[in-house]
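Going down the list, the protein sequences come from chains A and B. Residues 1 to 109, numbered by our numbering, are exactly what the first sequence covers, in order. Residues 1 to 109, numbered by our numbering, are exactly what the second sequence covers, in order. By construction, the Cβ of each residue, glycine as well, lies at the ideal position given by its N, Cα and C atoms. Down below is the structure, laid out as structure tokens.
Protein chains: 2
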Amino acid sequence: MNASNTQIQMRKGLLEFCILHIISRGEVYASDMIDELTEAKMIVVEGTLYPLLNRLKTASLVSYKWVESESGPPRKYYSITDEGKDFLLTLDQTWESLVKSTLLITSKR
Amino acid sequence: MNASNTQIQMRKGLLEFCILHIISRGEVYASDMIDELTEAKMIVVEGTLYPLLNRLKTASLVSYKWVESESGPPRKYYSITDEGKDFLLTLDQTWESLVKSTLLITSKR
DNA sequence: TAAGCTACCTTGTTATACCAGTTTCTAGGC
DNA sequence: GCCTAGAAACTGGTATAACAAGGTAGCTTA
Numbered sequence: 001m002n003a004s005n006t007q008i009q010m011r012k013g014l015l016e017f018c019i020l021h022i023i024s025r026g027e028v029y030a031s032d033m034i035d036e037l038t039e040a041k042m043i044v045v046e047g048t049l050y051p052l053l054n055r056l057k058t059a060s061l062v063s064y065k066w067v068e069s070e071s072g073p074p075r076k077y078y079s080i081t082d083e084g085k086d087f088l089l090t091l092d093q094t095w096e097s098l099v100k101s102t103l104l105i106t107s108k109r
Numbered sequence: 001m002n003a004s005n006t007q008i009q010m011r012k013g014l015l016e017f018c019i020l021h022i023i024s025r026g027e028v029y030a031s032d033m034i035d036e037l038t039e040a041k042m043i044v045v046e047g048t049l050y051p052l053l054n055r056l057k058t059a060s061l062v063s064y065k066w067v068e069s070e071s072g073p074p075r076k077y078y079s080i081t082d083e084g085k086d087f088l089l090t091l092d093q094t095w096e097s098l099v100k101s102t103l104l105i106t107s108k109r
């Protein structure tokens with residue numbers, strides 16, 4: 001039981017929320033997302049991101065299109081679906097409620 | 001992929017944090033914790049709590065003593081150890097940092 | 001054409017929450 | 001005394017998701 005593992009466990013499920021948010025702001029591909037997440041200190045590795053994107057796609061929350069790159073292999077550019085927007089709204093509430101609950105418990109003394 | 005499952009995943013790892021906080025405030029037993037968590041809308045079932053308490057105990061973050069009840073079977077009253085207090089401080093930081101990162105991503109537009 | 005980079009994907013492991021039970025102990029009614 | 005009810009602690013199986021450590025394929029450049 002160490003802090004690094006705890007961080008992983010706390011982050012669980014949050015990634016889905018964050019990535020859906022990033023995609024909701026406009027078309028992006030995997031490396032864009034990793035860059036932004038890393039910048040926000042929400043470290044993610046590829047092996048985590050790709051399965052997650054596939055889950056979101058399977059659930060019809062996002063869609064993608066292939067775009068040829070000017071330098072290198074083609075990229076999958078993701079965008080959010082209407083269904084994804086709806087789901088994101090409920091995730092916003094879930095997160096807000098979770099923060100409230102945690103604050104309620106951890107600020108008591 | 002539904003909101004209820006997402007809620008479970010987001011809560012994952014947070015429980016450890018919340019329960020350590022509750023125990024840090026004074027001696028409590030399992031039902032006390034469930035009551036407080038339920039009140040804060042952080043629903044937990046027994047089958048989740050007991051293994052978690054055992055993990056905390058194994059990691060020497062908490063200790064317990066048996067106390068006989070006036071009505072019913074004896075209870076395990078938990079209290080936090082010095083090691084647990086240290087760990088709780090790092091968890092506070094982990095949580096704070098996680099909230100900041102998430103806010104950074106979700107508030108951008 | 002070979003090396004190197006970029007982008008996407010896959011497999012196996014680990015950790016944790018949940019569900020649906022079981023066991024143990026005490027109290028109270030008959 | 002015996003049985004039931006309820007409280008408290010615990011357990012086994014399942015599902016989910018992140019991670020580590022790879023692999024595959026396309027493109028560029030020397």
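Beta carbon of residue i nearer than 7 angstroms to that of residue j
i          : j         : result
Leu-13(B)  : Met-42(A) : Checking the displayed sequence, the identity of residue 13(B) turns out to be Gly instead of Leu. Contact: no.
Leu-88(B)  : Ser-24(B) : yes
Ile-105(B) : Ala-40(A) : yes
Residue burial classification, residue i (beta-carbon count within 10 angstroms, cutoff 16)
i          : result
Trp-95(B)  : buried
Ser-107(A) : exposed
Gln-7(A)   : buried
Thr-102(B) : buried
Met-33(B)  : buried
Gly-47(A)  : exposed
Tyr-78(B)  : buried
Gly-72(A)  : exposed
Gly-84(A)  : buried
Val-45(B)  : exposed
N- and C-terminal bounds of the alpha helix (DSSP H) containing residue i
i         : result
Ile-43(A) : Neither: Ile-43(A) is in no alpha helix (DSSP H) and is coded neither H nor E.
Val-99(A) : 82 to 106
Ser-4(A)  : 3 to 11
Anticipated Cβ contact below 8 angstroms, residue i with residue j, distance rounded
i         : j         : result
Ile-80(B) : Leu-52(B) : Rounded, the Cβ-Cβ distance is 14 angstroms, inconsistent with contact.
Three-state secondary structure (DSSP) of residue i
i          : result
Arg-25(A)  : coil
Lys-76(B)  : strand
Ser-114(B) : Nothing can be reported for residue 114(B), as the shown portion of chain B is limited to 1 through 109.
Ser-60(A)  : coil
Arg-109(B) : coil
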